[in-house]
Amino acid sequence: MADAPLLSARGITRRFGGLAAVNGVSVDLWQGRIQAVIGPNGAGKSTLTNLLSGDLAPSGGTLHLGGREVTGWNAERIARQGLGRSYQKTNIFLPFTVRENVRLAAQAREPQQPWNPLRWWRDTRDAHKNRATRARWERAIELSGLQNRLDAVAGAISHGEQRQLEIAMTLATEPRVLLLDEPLAGMGAAEAERIVALLQRLKAAHAMMLVEHDMDAVFVLADHLTVMVNGEVIAGGAPAAVRANAQVQAAYLGEE
Ligand code: ADP
Ligand code: MG
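Printed below as a string of structure tokens:
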């Protein structure tokens, strides 16, 4: 494990009108560790994810990524700095194959190139770029366990495979920090187990934040557990200690 967190948020806040959807939350994400975030609906978990990924600008607080201050950066810049995320609602192009979806995700990472009259130069450069892109998407598919579904149309694969595909698309940009918003939502037990195994495979090489309602998965995967209610962190620590916390039981776990 590195000696500094890959991502560090301090007192991050986001207001929507009078509502503080996320209020003074601090999070550190370390390579090789999974940070789980739980809390009832409306607690601010997705808003927190959006703040860390740059999809939303914070109203207050600071964000550092890979030792660099990135507060207020937009999602594209933050992604280039090494952050990948999944969305609660999927981003997949259903009419395209698994391979095409992951390839598009890998290409989306390529910077926009200005027009250049030196065609030979551009061709050389593109050939190199395509090899790098191909290596990225092939590795993402292998990591995600979808190598047997390459030519399947995304709309025709199972819900669990679609979530695997979404993770593969996230991996195609080779992020060091991964933010996953409810990757097990709507899954049966067997599908959930496959995703849990996938996240375990990804753990060593990534710093991960996992927003998840599936408590069995959280207790299997998480090294650190944060509980949010009404935009604030009410408890955090080792999962077993958090589970035993009476305030957490009353606020959240007791409701399940
Ligand atoms: P969670 O993911 O924990 O269920 P959210 O982060 O989605 O919670 O929402 C936290 C609070 O912020 C909720 O009260 C929600 O209605 C509000 N909220 C989220 N996004 C917006 C938005 N774009 N505009 C206004 N209110 C929002
Ligand atoms: Mg949410």
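Numbered as in the working numbering, the sequence shown ends at 257 without a single skipped number.
Ideal placement from N, C-alpha and C gives every residue a C-beta, glycine not left out.
| Which residues in the same chain have their Cβ closer than 7 Å to the Cβ of A15, if we skip the five residues on either side of it in sequence? | Counting from one through the sequence shown, the residue named residue 15 turns up at place 14. Note that residue 15 is Arg in the sequence shown, not Ala. Counting only Cβ-Cβ distances below 7 Å, and skipping sequence neighbours, we find A22, V23, T48, L52, L57, P59, S60.
| said: Going by DSSP in three states, N75 sits in which element: helix, strand or coil? | reply: Locating residue 75 in the sequence shown gives position 74, where the first residue counts as 1. In this structure, N75 counts as coil in the three-state DSSP scheme.
| To the nearest angstrom, how far is it from the Cα of L20 to the Cα of A247? | The count along the sequence shown starts at 1 and reaches residue 20 at position 19. The count along the sequence shown starts at 1 and reaches residue 247 at position 246. Rounded to whole angstroms, L20 to A247 spans 27 Å at the Cα level.
| message | Could you check if S54 belongs to the surroundings of ligand 2, using beta carbon to heavy atom distance under 6 Å? | response | Numbered from 1 along the sequence shown, position 53 holds the residue referred to as residue 54. Every heavy atom of ligand 2 is 6 Å or more from the Cβ of S54, so no.
| message | Let's see if you can read the secondary structure: which residues bound the alpha helix (DSSP H) around N24? | response | By one-based count along the sequence shown, residue 24 stands at place 23. Counting along the chain, N24 falls outside any alpha helix (DSSP H), though it belongs to the beta strand (DSSP E) covering 20 to 30.
| query | Is K204 near ligand 1, judged by its Cβ being under 6 Å from some heavy atom? | reply | Locating residue 204 in the sequence shown gives position 203, counting from the first residue. No - ligand 1 has no heavy atom lying nearer than 6 Å to the Cβ of K204.
| message | Less than 6 Å separating the Cβ of T48 from some heavy atom of ligand 1? | response | As a working mapping, residue 48 is identified with position 47 in the sequence shown. Flag set: Cβ of T48 near ligand 1.
| message | Once the 5 residues before and after T174 are set aside, which same chain residues still bring their CB inside 8 Å of it? | response | Position 173 of the sequence shown, counted from the start, is the residue given in the question as residue 174. Answer for T174: A80, G85, A106, A107, A109, R110, R137, listed in chain order.
| Nearest to G73 by alpha carbon, out of R100, I13, S27? | Along the sequence shown, read from residue 1 onward, the residue named residue 73 stands at position 72. Comparing Cα-Cα distances from G73 to each of R100, I13, S27, the minimum goes to I13.
| Nearest to V178 by alpha carbon, out of V26, W31, S27, A141? | For this step, residue 178 is matched to residue 177 along the sequence shown. When only C-alpha atoms are compared, the closest one is W31.
| message | Helix, strand or coil, according to DSSP, for L166 in the structure here? | response | Taking the sequence shown and counting its residues from 1, one reaches residue 166 at position 165. Helix, per DSSP.
| To which residues of the same chain is T98 closer than 8 Å at the C-beta, ignoring the five residues directly before and after it? | Looking up residue 98 in the sequence shown gives position 97. Cβ within range, chain order: L151, D152, A153, V154, A155.
| Every unbroken alpha helix (DSSP H) within the region 161 to 215, with a cutoff of 4 residues, ordered by chain | 190 to 204
| task | Quick one: using the 10 Å Cβ neighbour count with 16 as the cut-off for buried, is P240 buried or exposed? | result | What you label residue 240 is simply residue 239 of the sequence shown in a count that begins at 1. Burial of P240 is indicated by the presence of at least 16 other C-beta atoms within 10 angstroms of its C-beta.
| Looking at C-alpha atoms only, which residue of G83, L166, N131 is the closest neighbour of L144? | Start at 1 with the first residue of the sequence shown, and residue 144 comes out as number 143. Answer by Cα proximity: L166.
| field | Cβ neighbour criterion (16 or more within 10 Å) applied to H207 | value | In the sequence shown, residue 207 corresponds to position 206, counting from 1. So H207 ends up on the buried side.
| How close, in whole Å, do the beta carbons of V103 and I158 come, if the pair is a contact with beta carbons under 8 Å? | What you label residue 103 is simply residue 102 of the sequence shown in a count that begins at 1. What you label residue 158 is simply residue 157 of the sequence shown in a count that begins at 1. The pair is not a contact, with the Cβ atoms about 13 Å apart (cut-off 8 Å).
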